[in-house]
Amino acid sequence: MTSLTLEEAHVDLDAEGFFLQPEQWTREMAPEIARANGIEPLTDRHWQVIDYMRSTYLETGSGPTIRALGKASGVPIKELYQLFPKGPAKLAAKVAGIPKPRGCI
Amino acid sequence: MSDRIVILGAGTGGTLTANRLRRAHDDDVEIVVIDRDDRHVYQPGLLFVPFGLADPGEIVRARGAQLHDGIEFRLAEVDRVETAANAVHLVGGELITYDVLVVASGAALLPEETEGLTGPGWGERIFTFFELESATALRDALRGFDRGRLVINPVDMPIKCPVAPLEFCFLADWFLRERGVRDAVELTYVTPLDGAFTKPVASEHLAGLLAEKDIALETEFATGEVDGAGGRLVSWDEREVPFDLLVTIPLHGGPAYVGRSPGLGDELGFVATDLHTLQSKAAPNVFAIGDATNLPTSKAGSVTHFEGDTLVENIRRFRDGEELQATFDGHANCFIETGFHKALLIDFNYDVEPLPGRFPEPHLGPLPLLKESRLNHMAKLLFQWVYWHVLLPGHDIPGVGSQLRHTADQGEPR
Numbered sequence: 001m002t003s004l005t006l007e008e009a010h011v012d013l014d015a016e017g018f019f020l021q022p023e024q025w026t027r028e029m030a031p032e033i034a035r036a037n038g039i040e041p042l043t044d045r046h047w048q049v050i051d052y053m054r055s056t057y058l059e060t061g062s063g064p065t066i067r068a069l070g071k072a073s074g075v076p077i078k079e080l081y082q083l084f085p086k087g088p089a090k091l092a093a094k095v096a097g098i099p100k101p102r103g104c105i
Numbered sequence: 001m002s003d004r005i006v007i008l009g010a011g012t013g014g015t016l017t018a019n020r021l022r023r024a025h026d027d028d029v030e031i032v033v034i035d036r037d038d039r040h041v042y043q044p045g046l047l048f049v050p051f052g053l054a055d056p057g058e059i060v061r062a063r064g065a066q067l068h069d070g071i072e073f074r075l076a077e078v079d080r081v082e083t084a085a086n087a088v089h090l091v092g093g094e095l096i097t098y099d100v101l102v103v104a105s106g107a108a109l110l111p112e113e114t115e116g117l118t119g120p121g122w123g124e125r126i127f128t129f130f131e132l133e134s135a136t137a138l139r140d141a142l143r144g145f146d147r148g149r150l151v152i153n154p155v156d157m158p159i160k161c162p163v164a165p166l167e168f169c170f171l172a173d174w175f176l177r178e179r180g181v182r183d184a185v186e187l188t189y190v191t192p193l194d195g196a197f198t199k200p201v202a203s204e205h206l207a208g209l210l211a212e213k214d215i216a217l218e219t220e221f222a223t224g225e226v227d228g229a230g231g232r233l234v235s236w237d238e239r240e241v242p243f244d245l246l247v248t249i250p251l252h253g254g255p256a257y258v259g260r261s262p263g264l265g266d267e268l269g270f271v272a273t274d275l276h277t278l279q280s281k282a283a284p285n286v287f288a289i290g291d292a293t294n295l296p297t298s299k300a301g302s303v304t305h306f307e308g309d310t311l312v313e314n315i316r317r318f319r320d321g322e323e324l325q326a327t328f329d330g331h332a333n334c335f336i337e338t339g340f341h342k343a344l345l346i347d348f349n350y351d352v353e354p355l356p357g358r359f360p361e362p363h364l365g366p367l368p369l370l371k372e373s374r375l376n377h378m379a380k381l382l383f384q385w386v387y388w389h390v391l392l393p394g395h396d397i398p399g400v401g402s403q404l405r406h407t408a409d410q411g412e413p414r
């Protein structure tokens with residue numbers, strides 16, 4: 001576990017940079033996390049995904065999969081890959097300040 | 001007062017639940033089981049069909065015949081469930097009311113949700129062994145396959161039996177070697193995961209086995225499109241994997257009627273279910289078991305079997321007005337066929353990784369965990385008998401508990 005100063009705030013991250021405590025996240029941190037992961041700037045479409053990720057996590061205790069994102073976030077999968085290249089479900093989770101999606105079993 | 005328990009689905013979960021409930025309750029409880037067909041497929045057998053190791057006819061029996069006396073079996077298609085009215089609506093308009101409902105309709109294959117998958121090449125160079133007709137057609141295609149690129153690809157999780165695609169790779173390697181054509185075939189496992197399997201320790205072991213058998217591993221490949229005519233898998237981020245023969249594991253979803261039932265399912269149509277009590281989130285008198293749930297454990301017969309204990313006890317408690325027991329721990333137990341008459345065994349739950357050791361007794365075994373052995377292969381073959389004669393009738397398997405047993409020297413829960 002490492003502690004990183006994001007705009008002067010101490011937040012707990014795992015080895016890959018995912019938030020361990022989602023309540024430590026604030027909206028102001030998102031652009032900084034995104035930039036560090038090669039995404040700049042954050043558009044309204046990015047925010048639509050980020051907000052969906054967080055609300056799903058807070059409701060269900062785990063981040064949505066890419067399929068669930070494609071079906072329910074209002075952003076089609078093709079576009080999710082353009083917004084959050086490589087792994088949208090993982091990268092969006094990181095920017096949204098929620099723990100790494102557990103994937104499936 | 002007479003009570004009616006309605007069970008949707010007469011597969012592994014529905015059958016063992018019905019049989020256990022019948023034993024646990026007097027005649028004042030009516031048990032009705034509904035399924036849309038009368039073919040109960042022993043699903044673990046599907047893996048063996050493409051290699052001629054199981055005959056399609058051998059692994060199918062009548063659903064009704066697996067249900068004990070005093071259980072009503074009905075052939076009908078469910079349109080939707082209205083939990084607010086305690087009613088199941090059948091296609092055609094008939095309505096069946098229930099006091100307790102159990103959803104046990106399994107998972108559905110959704111090949112049409114992947115662009116191009118059911119287009120040109122489907123049934124010719126693209127098959128799935130997750131369904132009996134396609135598994136049988138694949139057997140015929142494999143017989144004549146002696147050179148080229150064979151690709152195995154689970155499109156995305158969750159799938160039934162997440163180890164099955166790996167087992168298929170191992171058996172394909174064995175099958176092609178036996179036929180003396182292995183050197184002319186490039187075998188590739190293409191997965192959406194970042195490793196060979198979902199659980200880190202087992203994933204390492206399995207990646208090692210793939211490498212040993214000269215099977216290429218392509219990870220984090222999210223299939224967006226299948227081009228059957230051109231023989232290409234195309235990912236959402238525009239990577240490509242060429243194939244001559246594709247064995248796909250299509251996207252899975254919950255039973256179609258769950259999606260049509262207000263409040264019952266999640267966005268993929270799986271029943272939103274409590275992790276430990278198996279009660280649905282939709283209504284207190286609705287429960288779910290097996291592949292139809294959204295539980296974060298394997299979709300596998302062993303899981304369903306272990307859930308049976310908790311489910312039947314909780315239905316009794318619910319009817320008697322008692323608090324439900326939160327005893328289901330996500331326990332899964334899977335044999336992984338590795339070819340050349342050997343198999344590996346893994347045992348895990350929500351919190352504990354698959355670990356080395358022995359099963360079912362932590363030190364005595366006799367079955368070794370996470371290690372290839374002939375004994376595990378024999379056990380896997382014997383399991384078909386156990387399935388029809390012990391598991392479906394709703395008996396316990398001697399020595400095998402519903403909760404995971406692990407010892408301190410196997411490591412800490414993750």
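So the sequences go chain by chain: A and B.
1 is the number of the first residue of the first sequence in my numbering; add one for each residue after it.
1 is the number of the first residue of the second sequence in my numbering; add one for each residue after it.
All C-beta atoms, glycine included, are put in the ideal place defined by N, C-alpha and C.
Residues of its chain near residue i, where Cβ-Cβ distance is below 7 Å and the 5 sequence neighbours each way are ignored
{"i": "B/Phe168", "result": "Leu47, Phe129, Ile152, Val247"}
{"i": "B/Leu176", "result": "Arg182, Val185"}
{"i": "B/Val271", "result": "Val103, Gly254, Val258, Leu264, Gly265, Ser280, Ala288, Ala292, Thr293, Asn294"}
{"i": "B/Gly399", "result": "Pro360"}
{"i": "B/Leu21", "result": "Ile5, Ile31, Val312, Ile315"}
{"i": "B/Ala229", "result": "Pro120, Gly121"}
{"i": "B/Ile346", "result": "Ala202, Cys334, Ile336, Pro354, Leu369, Leu370"}
{"i": "B/Glu204", "result": "none"}
{"i": "B/Ala18", "result": "Ile7, Ile31, Val33, Leu67, Ile71"}
Own chain residues within Cβ distance below 6 Å of residue i, not counting five before or after
{"i": "B/Arg232", "result": "Glu240, Pro242"}
{"i": "B/Ala135", "result": "Leu46, Val49, Pro50, Phe129"}
{"i": "A/Val49", "result": "Ser73, Val75, Ala92"}
{"i": "B/Leu458", "result": "No answer is possible for residue 458 of chain B: the residues shown for chain B start at 1 and end at 414."}
{"i": "B/Glu225", "result": "Glu115, Gly116, Val234"}
{"i": "B/Gly330", "result": "Thr297, Asn349, Tyr350"}
{"i": "B/Gly148", "result": "Asp244"}
{"i": "B/Leu392", "result": "Thr15, Leu16, Gln66"}
{"i": "B/Thr97", "result": "Asn86, Ala87"}
{"i": "B/Arg80", "result": "His89, Tyr257, Arg260, Ser261"}
Contact set between residue i and chain A, taken where Cβ atoms lie within less than 7 Å
{"i": "B/Ala222", "result": "Ile66"}
Residue i burial status per 10 Å Cβ neighbour count (16 or more: buried)
{"i": "A/Thr26", "result": "exposed"}
{"i": "B/Gly123", "result": "exposed"}
{"i": "B/Leu171", "result": "buried"}
{"i": "B/Glu77", "result": "exposed"}
{"i": "A/Gln82", "result": "exposed"}
{"i": "B/Asp35", "result": "buried"}
{"i": "B/Val91", "result": "exposed"}
{"i": "B/Gln23", "result": "Sequence inspection shows Arg at residue 23 of chain B; the Gln mentioned does not correspond to that position. Label assigned to B/Arg23: exposed."}
{"i": "B/Asp156", "result": "buried"}
{"i": "A/Ala89", "result": "buried"}
{"i": "A/Pro85", "result": "exposed"}
{"i": "A/Pro41", "result": "exposed"}
{"i": "B/Lys342", "result": "buried"}
{"i": "B/Ala211", "result": "exposed"}
{"i": "A/His10", "result": "exposed"}
Chain B contact residues for residue i, given Cβ-Cβ distances below 9 Å
{"i": "A/Ile77", "result": "Ala222, Gly224, Trp236"}
{"i": "A/Lys71", "result": "Glu267, Leu268"}
Interface partners of residue i on chain B, CB under 7 Å
{"i": "A/Pro85", "result": "Asp237"}
{"i": "A/Tyr81", "result": "Trp236, Asp237"}
Own chain residues within Cβ distance below 8 Å of residue i, not counting five before or after
{"i": "B/Lys299", "result": "Ala107, Pro158, Ile159, Lys160, Cys161, Pro162, His252, Gly290, Asp291"}
Any non-hydrogen atom of the ligand MG within 7 Å of residue i CB
{"i": "B/Val102", "result": "In the structure on display, the ligand MG does not appear, and there are no ligands present to speak of."}
Any C-beta of chain D under 8 Å from that of residue i
{"i": "B/Gly70", "result": "In the structure shown, chain D cannot be found, because the protein chains are A and B."}
Discussion item. Within 8 Å, do at least three Cβ pairs link the stretch 216-224 of chain B to the stretch 192-205 of chain B?
Written reply: Enough Cβ pairs lie closer than 8 Å, so yes.
Discussion item. Would you call the stretch 329-338 of chain B in contact with the stretch 359-378 of chain B, where contact means no fewer than 3 C-beta pairs closer than 8 Å?
Written reply: The stretch 329-338 of chain B, when compared against the stretch 359-378 of chain B, does touch it at the 8 Å Cβ threshold.
Item to complete: Determine, using beta-carbon pairs with one atom in the stretch 319-331 of chain B and one in the stretch 31-46 of chain B, whether at least three such pairs fall under 8 Å.
Response: Taking 8 Å as the limit for Cβ pairs, the verdict is that the stretch 31-46 of chain B does not touch the stretch 319-331 of chain B.
Worksheet entry | Cβ contact (3+ pairs, closer than 8 Å) linking the stretch 95-102 of chain A and the stretch 16-31 of chain A | In this structure the stretch 95-102 of chain A lies against the stretch 16-31 of chain A, because at least three pairs of beta carbons, one per stretch, are closer than 8 Å.
Item to complete: Please list the residues of the stretch 131-161 of chain B that have a C-beta atom closer than 7 Å to any C-beta atom in chain A, keeping them in chain order.
Response: Under the 7 Å Cβ criterion, the stretch 131-161 of chain B contributes Asp156, Met157, Pro158.
Discussion item. Taking 8 Å as the cut-off, does the stretch 5-14 of chain B touch the stretch 61-75 of chain B (at least 3 CB pairs, one atom from each stretch)?
Written reply: Contact holds: three or more Cβ-Cβ distances are below 8 Å.
Fill in: Contact set between the stretch 190-212 of chain B and chain A, restricted to residues whose Cβ is under 7 Å from the partner
For chain A, the residues of the stretch 190-212 of chain B that bring a beta carbon within less than 7 Å of one of its beta carbons are Leu193, Thr198, in chain order.
Worksheet item: When you check each C-beta in the stretch 257-268 of chain B against every C-beta of chain A, which residues fall closer than 7 Å?
Response: Against chain A - using a Cβ distance shorter than 7 Å - the residues of the stretch 257-268 of chain B are Glu267, Leu268.
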